[in-house]
DNA sequence: CTGACTTGCGCC
DNA sequence: AAAGGGCGCAAGTCAG
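This is how it looks when you write it as structure tokens:
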């Protein structure tokens, strides 16, 4: 069913099996939610321009849908995929689809005025996408990616709708305990005020504002300290009476600015934290977020996320997702064998690849992030001998990036092309060949891009695993849960790259644990088939997020 | 004054 | 001498 906004109404067109549209219906806007609810009684896929423009209003109306095709997200994937013949996506509206942005504002209006999306034809775009998909040598993988991406869009909207249960009173108690009572008119709370006094005295700088990196750096140097920046890690290396107070000040000041009383007032309403999640918001395919720094909620304040009375959180995260994904996508049997253990790094020790867990960890992280020198560099030859396919895959991705080529994830998400002049091929004989500065600058940029593409393939495939996990779990939770609206059943409340928080009635918590596990197994099979790589979860049933892990 | 950039730090 | 990827956010800084 393809839907399109049409002047206070919705035009809905049935899709035939061959992809052509048949009957069309015009549904008044105020009856659309009921129309959708009615159609959901039988299996149906909603094809629409962009989930953020449709689903929030349906959820407000109490309607949950089973599946959709999000043309905006699918378009973005297909346009960059090296598995796709780009000429098949060309059309007069291609630029319009390229430019389409999600709507993030909590705008209750289903039909915002002058939305550029309204000029786009979803039927034509859907048809182009289907043709491009069918012609691809990796149609199945891409189809899985598009389905997972669309499912992710539904999850994201649902999580914003239900929100993460958040106890303002617990949060405030936490803040007061660490900072002292909130001070009025933008002044520092008492604990920060006291630390400020200590810092100023110890540095002999009575007017110092430690929030200014420049001022602080000058004050430290005047006090005779050999520093070039003011990062906590650098300050920790110094032996000076001002340092402990300064480190404490930085930590608490960060808490106050990022997740203090202002954050609480801005982002927590009616006992729920409701950030906006942006599926596909990161080039690798990871989600981004906006509002309240959702993907970096510090562990410090997680105790304020408390399940409702009679409800529990099921918190699950994948141990060492990315190295496991690397083992799977490279079909490296030796690394997959190490991944059979709950702790992959320990498994590498047991397999004889390295002598100690710490070596395994720093070596693998270096292989995935591009740390080729120092401790991790020293491990590389040994890892490459022991895990030739896994290490070979990331090395090849790095080399391809250094040559300015596109790399791709397992399911076919393509990396962007580098923007710098170092990689640009001459387009026109008259064009200057390069704008990249000195040879060293170009080499540095080339290596940096190689580190990016090296990480892209692993981080991106990890994101694909997580999307499949999330999508399958969403359906399992729905089937688990009796009747009623989304928020009255077990539901996903939060997602952070490789971790989910499910909010569920207490009596269903154990069943949720089983579903979370089953969904992880499904995700592994969807991506890697019968190749034996495990994705063990750390799962906790808790009353508060702070009690997990 | 606004907007763009840098710095630093939280998360994965 | 150091040399790791991806983000969002807030404050400071600086240019216009």
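Numbering (the working numbering), first residue to last: 99 to 647.
Idealized CB from N, CA, C, for every residue including glycine.
Just so it is clear, the structure is predicted and the values come from calculations on it, not from any experiment.
Status (buried if at least 16 other CB within 10 Å, exposed otherwise) for residue i
i, result
"residue 173", "buried"
"residue 205", "Bear in mind that a pLDDT of 49 at residue 205, under 50, signals an unreliable position, so the model cannot answer this."
"residue 267", "exposed"
"residue 541", "exposed"
"residue 226", "buried"
"residue 548", "buried"
"residue 271", "exposed"
"residue 170", "buried"
"residue 374", "buried"
"residue 185", "exposed"
"residue 331", "exposed"
"residue 121", "exposed"
"residue 418", "buried"
"residue 586", "exposed"
"residue 80", "Any answer about residue 80 is impossible in this case: the structure gives the chain only from 99 up to 647."
"residue 354", "buried"
"residue 207", "Only weak support is given to the placement of residue 207: the predicted model assigns it a pLDDT of 47, under 50, and the question is left unresolved by the model."
"residue 510", "buried"
"residue 562", "buried"
"residue 387", "buried"
"residue 235", "exposed"
"residue 458", "buried"
Simplified DSSP state of residue i, which is helix, strand or coil
i, result
"residue 328", "coil"
"residue 430", "coil"
"residue 302", "coil"
"residue 133", "helix"
"residue 158", "helix"
"residue 185", "helix"
"residue 423", "helix"
"residue 151", "helix"
"residue 355", "helix"
"residue 612", "helix"
"residue 206", "Because residue 206 sits at a pLDDT of 45, beneath the cut-off of 50, its placement in the model cannot be relied upon, and the following sentence gives the value as read from the coordinates. DSSP places residue 206 in coil when its eight states are reduced to three."
"residue 109", "strand"
"residue 367", "strand"
"residue 338", "coil"
"residue 629", "coil"
"residue 436", "helix"
"residue 118", "coil"
"residue 236", "coil"
"residue 465", "helix"
"residue 395", "coil"
"residue 474", "helix"
"residue 196", "helix"
"residue 344", "helix"
"residue 591", "strand"
"residue 229", "helix"
"residue 447", "helix"
"residue 381", "coil"
From the options, residue whose alpha carbon lies closest to that of residue i
i, options, result
"residue 577", "609, 549, 595 and 548", "609"
"residue 597", "377, 413 and 553", "413"
"residue 505", "178, 259, 562 and 452", "178"
"residue 188", "222, 214, 313 and 473", "222"
"residue 183", "214, 191, 156 and 232", "232"
"residue 642", "395, 411, 300 and 444", "411"
"residue 496", "283, 464 and 630", "464"
"residue 557", "361, 467 and 214", "467"
"residue 298", "287, 317 and 289", "317"
"residue 601", "460, 406 and 377", "406"
"residue 244", "145, 159, 335 and 333", "145"
"residue 103", "140, 138 and 148", "148"
"residue 539", "314, 195 and 521", "521"
"residue 492", "425, 458 and 300", "425"
Per DSSP, the bridge partner or partners of residue i
i, result
"residue 414", "598 and 637"
"residue 374", "388"
"residue 456", "Beta-bridge pairing links residue 456 to no other residue."
"residue 648", "Only positions 99 to 647 of the chain appear in the structure, and residue 648 is not among them; the question remains open."
"residue 168", "146"
"residue 103", "108"
"residue 603", "409"
"residue 124", "109"
Taking the runs of the alpha helix (DSSP H) that are 4 residues or longer, which of them lie wholly in the segment 552-584?
Whole alpha helix (DSSP H) segments, 4+ residues: zero.
Where are the alpha helix (DSSP H) runs, 4 residues long or more, that stay fully inside the segment 240-284, in chain order?
266-277
Going residue by residue through the segment 479-548, where are the continuous alpha helix (DSSP H) segments of at least 4 residues, counting only ones entirely within it?
486-500
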